[in-house]
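Numbering (the working numbering), first residue to last: 3 to 316.
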Amino acid sequence: MAERVIAVLGPTAAGKSDLALRLAGDLGGEIINADSMQLYAGMDIGTAKLTVAQRRGIPHHLLDVWDVGHEANVAEYQRMARAAIAEVAGRGRVPILAGGSGLYLRAALDELEFPGTDPAVRRRLEQELDRRGPGALHARLAGLDPAAARGILPSNGRRIVRALEVIEVSGRPFTATLPRYESVYPAVQLGLRVPRAELDERIAQRVARMWQDGFVAEVRRLDQAGLRAGRTASRALGYQQVLRFLAGEWAEQQAREETIKATRRFARRQEAWFRRDPRVTWLGAGLGADPHALALATISTCGSARGMAPRTTS
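Rendered as structure tokens:
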């Protein structure tokens with residue numbers, strides 16, 4: 003029988019890590035990271051990666067597995083995530099995927115097709131990216147595959163290049179390579195929904211904490227370790243803005259303000275991505291709301307037959 007999985011998803015700053023920890027304690031679970039940037043070692047403050055103490059003794063998997071020079075690869079993540087799911091379930095524990103990277107979550111849960119690549123096409127598109135910038139390529143993608151363009155940040159040159167490469171190589175829209183909403187696992191997907199104004203304020207507060215906790219020093223240290231040369235890590239939210247400050251292109255305050263703006267835009271794209279998935283059960287996580295009880299009730303309703311009912315204590 004396929005392993006049973008819970009997924010906790012939603013936009014940045016919605017409270018995914020806290021809910022996943024509480025559910026892991028309730029269900030005898032272990033957490034598998036589904037945040038593409040938390041895969042990078044040393045990218046801690048800017049990704050809100052939990053410290054060892056904050057993990058409350060709950061095992062976490064797929065944190066700090068890549069160095070900052072590594073180019074992210076969804077197929078590689080899929081292999082690692084499914085191996086982690088099998089390992090956790092094999093020990094009688096409940097795998098709990100937690101993160102806001104929609105494509106990575108789908109790669110872990112669904113039959114995701116990975117179209118072939120053409121090095122010559124990729125190289126030409128990357129050269130054009132360097133010459134013209136991501137905005138021009140994103141505009142082209144919007145004309146060829148509007149759905150793909152809506153799901154990819156205009157600043158995410160790596161994903162834009164990949165989408166254009168797939169379109170050119172396969173002759174099909176990039177979105178045609180995404181699977182139907184059918185999981186390979188018995189899964190319960192829990193989405194956290196926070197009112198827009200409150201989420202915007204949470205993001206501003208998170209960025210303020212990042213700066214207070216030494217985010218600029220973290221980026222400077224990673225820059226010395228090769229961050230700027232990393233095609234994926236260097237474009238992470240916050241990191242790319244601080245790199246521009248360190249390069250003398252922006253003042254520090256501008257880097258901070260641009261981080262807030264970019265993160266808010268990203269959160270809206272995350273929400274749009276996850277809303278398209280009909281399998282997600284949405285839980286209110288705004289001011290005064292506690293999604294924990296609702297999550298347990300959903301798991302009990304949807305998952306008890308799959309062996310995921312909460313543990314009881316006498």
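Think of the CB as a built atom: it goes at the ideal place given N, C-alpha and C, for glycine as much as any other residue.
Mapping DSSP to helix, strand and coil, what is residue i?
i	result
Ala-2	Within the shown structure, residues of the chain are numbered from 3 to 316, placing residue 2 beyond reach of any answer.
Tyr-241	helix
His-72	coil
Asp-28	helix
Tyr-106	helix
Asp-112	strand
Ser-185	strand
Glu-130	helix
Asp-147	coil
Glu-78	helix
Ser-302	helix
Ala-86	helix
Which partner residues does residue i have in the DSSP bridge list?
i	result
Gly-193	Leu-11 and Trp-284
Ile-33	His-62 and Ile-98
Tyr-42	Trp-68
Taking the C-alpha atoms as reference points, what is the distance between residue i and residue j?
i	j	result
Gln-56	Glu-128	40 Å
Pro-13	Arg-270	7 Å
Tyr-241	Ala-100	22 Å
Ala-22	Ala-9	8 Å
Asp-202	Ala-85	36 Å
Thr-261	Arg-204	13 Å
Phe-176	Gly-145	12 Å
Arg-208	Leu-285	21 Å
Phe-217	Gly-173	43 Å
Trp-252	Arg-277	35 Å
Glu-200	Pro-121	44 Å
Glu-73	Leu-114	19 Å
Thr-119	Asp-215	41 Å
Ala-141	Gly-135	11 Å
Ala-307	Ala-299	Since pLDDT at Ala-307 reaches only 34, below the 50 mark, its modelled position is unreliable, and no value is offered.
Ala-295	Cys-304	14 Å
Thr-283	Arg-24	18 Å
Say the cut is 7 Å; is the CB of residue i nearer than that to a heavy atom of the ligand PLP?
i	result
Arg-164	Summarising the ligand content, the structure contains no ligands, and the ligand PLP is consequently not present.
With distance defined between alpha-carbon atoms, name the residue in the options nearest to residue i.
i	options	result
Leu-334	Val-196, Trp-252, Thr-300 and Arg-278	The shown model of the chain, from 3 to 316, leaves out residue 334, and the question about it has no answer.
Ser-38	Arg-84, Gly-104 and Gly-30	Gly-104
Pro-280	Ser-172, Lys-263 and Tyr-183	Tyr-183
Asp-323	Leu-146, Gly-193 and Ala-91	The question about residue 323 has no answer here: the residues shown for the chain are numbered 3 through 316.
Ala-297	Tyr-79, Arg-142, Ile-98 and Val-70	Ile-98
Gln-40	Ser-172, Ala-26 and Leu-64	Leu-64
Val-7	Tyr-79, Trp-68 and Ile-87	Ile-87
Asn-35	Ile-301, Leu-111 and Arg-93	Leu-111
Gln-191	Glu-78, Ile-301 and Leu-52	Ile-301
Ala-83	Glu-32, Thr-49 and Gln-255	Glu-32
Leu-180	Pro-188, Val-168 and Tyr-187	Val-168
Ala-77	Arg-93, Ala-109 and Gly-102	Ala-109
Give every residue of the same chain whose Cβ lies closer than 7 Å to the Cβ of residue i, excluding the five residues on either side of it in the sequence, and list them in chain order.
i	result
Ala-257	Gln-243, Val-244, Arg-246 and Phe-247
Leu-131	Leu-139, Gly-159 and Val-163
Can you name, in chain order, every residue of its own chain whose Cβ lies under 8 Å from the Cβ of residue i, other than the five neighbours on each side?
i	result
Asp-225	Leu-245 and Leu-248
Arg-380	Nothing can be reported for residue 380: it is not among the residues displayed for the chain, which extend from 3 to 316.
Val-70	Tyr-42, Ala-43, Gly-44, Met-45, Leu-224, Ala-227, Gly-228, Leu-229, Gly-232, Ala-235 and Ser-236
Ala-149	Pro-175 and Thr-177
Ordered along the chain, which non-local residues of its own chain (more than five positions away) have a Cβ less than 6 Å from that of residue i?
i	result
Trp-275	Gly-104 and Gly-153
Glu-220	Ile-47
Gly-17	Leu-194 and Ala-287
Ser-19	Leu-52
Ala-206	Ile-262
Arg-124	Glu-167
Gly-137	Pro-156
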